[in-house]
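Engineer:
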Amino acid sequence: MPLIYWLFLFIVLGVANAAYLHWQYLLNRRIGRTMYCPLGGSCEEVVASKFGTTFGIKNERWGIIYYVLLILALVAFLRYPQTSEILSLGILTASLLAALFSTYLVIVQFFVIREYCSWCVAATVINYIILAIEVPLFL
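Take the sequence shown: its letters are residues 0 to 138, numbered as in numbering that gives the first Met the number 0.
The structure is reproduced here in structure tokens:
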């Protein structure tokens, strides 16, 4: 299977992961439903912490925005080859920043909050897989 298909697959997984985490957070806040954290940990503590928001927006919303914009950029990259140089640079830069920021958040989970959210750790893994797929595609 071509790398571009794998890239789309992991972006869709990223959207699904971020959307599911945000949905759980909303249910927790609205009706008090416990957030499901499949590998143990405490998703509620992590997501509700002061580190769960960046510039006033929940991190999982940032994730959804990032993945949707990444899909749009990839479609533009495939549709308009004349913009491929600038788009590939933008895509790689955004993905590198996403991977680094999610790494920062995982470090905060383990060493500051002292709890972890398995969905957040999964997002970090997804972000690094996306970056690893993009490097041979765009460099």
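Where is the CB? At the ideal position from N, CA and C, for every residue including glycine.
Under a three-way DSSP split, which group does Cys116 fall into?
Structural biologist: In the structure shown, Cys116 sits in a strand (DSSP, three-state: E or B).
Engineer: In whole angstroms, what separates the C-alpha of Gln81 from that of Ser94?
Structural biologist: So the alpha carbons of these two residues sit roughly 21 Å apart.
Engineer: Does the separation of the CB atoms of Lys49 and His21 fall below 8 Å?
Structural biologist: In this structure, His21 does not lie closer than 8 Å to Lys49 by Cβ.
Engineer: Can you check which of these residues, Leu69, Ser101 and Leu77, is closest to Ile90 by C-alpha distance?
Structural biologist: Nearest of Leu69, Ser101 and Leu77 to Ile90, Cα basis: Leu69.
Engineer: Take Trp5 and list the residues in its own chain whose beta-carbon comes closer than 8 Å to its own, dropping the five residues that flank it on each side.
Structural biologist: So the qualifying residues of the chain are Ile132.
Engineer: Does the stretch 36-56 touch the stretch 115-129, meaning 3 or more C-beta pairs lie closer than 8 Å?
Structural biologist: Result yes; three or more Cβ-Cβ pairs closer than 8 Å.
Engineer: To the nearest angstrom, report how far apart Glu84 and Arg29 are at their CA atoms.
Structural biologist: If you take the alpha carbons of Glu84 and Arg29, they lie about 45 Å apart.
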